[in-house]
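A quick write-up on the structure given underneath.
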Amino acid sequence: QQPVQSPQAVILREGEDAVINCSSSKALYSVHWYRQKHGEAPVFLMILLKGGEQKGHDKISASFNEKKQQSSLYLTASQLSYSGTYFCGTEIEYLWGNEKLTFGTGTRLTIIP
Amino acid sequence: DSGVTQTPKHLITATGQRVTLRCSPRSGDLSVYWYQQSLDQGLQFLIQYYNGEERAKGNILERFSAQQFPDLHSELNLSSLELGDSALYFCASSVEVRPYEQYFGPGTRLTVT
């Protein structure tokens, strides 16, 4: 089941904050965030594991609500370099031996000066 | 530069043909993943290999197959190509068997005419 991301697109001015949400209908073991700039490959940003362990990226933070199967990515004091499409990838719990990421359809973030 | 290489960069072929996409993972990475990204679509997971063995499978068509060789490079074979197979194909690699912190290659743009 593909996770649902919201909003689909957002335009911000430099310095403003952004929140991108990711929601799944399945019990999750982990949530991953990637950013893809136009014409480039996705780049890893953040992983959130069930139980609270988190590996991330400075200036970008995220939360994982295990009970609601939801994650949010927080971009504070956005910079022009933050522009791109953000994908969340979810790993469903209990799929031992077949762990895989299912990516959402993305949130396009545009930062303007 | 992620350290993951993919060849060729672009591929144009006709319907019904067969093509092979090649990927070399980052040094030290044992997992290789293949993804398909169609226009305006998210990343669709196809298949994962870990240390030469198939590990996880996504929505990979029967016309598609992959393998990972002893030197850990991987190939994705697409046969009986259809117009709908036109897409960007990404390879990613990671250290672990679980799909954590994947590093994506630049992609192969496949156009089927």
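Heads up: the sequence lines are chains A and B, in that order.
The opening position of the first sequence corresponds to residue 1 in the working numbering, with each subsequent residue numbered one higher.
The opening position of the second sequence corresponds to residue 1 in the working numbering, with each subsequent residue numbered one higher.
Just so you know, even glycine gets a beta-carbon here, dropped at the ideal spot from N, CA and C.
Keep in mind the model is a prediction, meaning the values are calculated, not measured.
For Ala27(A), the nearest beta carbon of chain B is not closer than 8 Å to its own beta carbon. Residue contact check for Pro7(A) against chain B: no CB pair falls below 8 Å. Taking a Cβ-Cβ cut-off of 7 Å, the neighbours of Gly106(A) in chain B comprise Gly42, given in sequence order. A straight-line Cα-Cα distance of about 22 Å links Ser24(B) and Thr111(B).
Ranked by how close their Cα comes to the Cα of Lys26(A), the residues Pro42(A), Glu93(A) and Val19(A) have Glu93(A) in first place. Val19(A): member of the beta strand (DSSP E) spanning Ala18 to Ser23, first to last residue.
When the beta-carbon positions are compared, Val31(A) and Cys22(A) come within less than 8 Å of each other.
For Glu93(A), there are no C-beta contacts with chain B under 7 Å, since the nearest C-beta of that chain is about 12 Å from it. Neighbourhood of Arg98(B) in chain A, by CB distance below 7 Å: Glu99, in chain order. A Cβ-Cβ distance of about 4 Å is found for the pair Gln6(B) and Gly105(B), placing them in contact under the 8 Å criterion. Cβ contact annotation for Gln5(A) (same chain, cutoff 7 Å, sequence separation greater than five): Ile20, Asn21, Cys22, Cys88, Gly104, Thr105, Gly106 and Thr107, in chain order. Between Leu11(B) and Thr108(B), the C-beta spacing is below 8 Å. The continuous beta strand (DSSP E) containing Arg22(B) extends over residues Val19 to Ser24. The beta carbon of Thr110(A) does not come within 8 Å of any beta carbon belonging to chain B, so the residue lies off that interface. Per the C-alpha coordinates, the member of Ser2(B), Gln44(B) and Phe45(B) positioned closest to Arg26(B) is Ser2(B). Excluding its 5 nearest sequence neighbours in each direction, Pro7(A) has C-beta neighbours in its own chain below 7 Å: Thr107, listed in chain order. The secondary-structure analysis by DSSP pairs Val4(A) across a beta bridge with Ser23(A). At least 8 Å separates the beta-carbon of Asp17(A) from that of Leu109(A).
Here Pro3(A) is buried. Its C-beta has 16 or more other C-beta atoms within 10 Å.
Chain order gives the chain A residues near Glu101(B) as His32, Phe44, Ile47 and Lys55, where near means a beta carbon separation below 9 Å. When C-beta distances to chain A are compared with 7 Å, the residues of the region 60-93 of chain B below that value are Phe90, in chain order.
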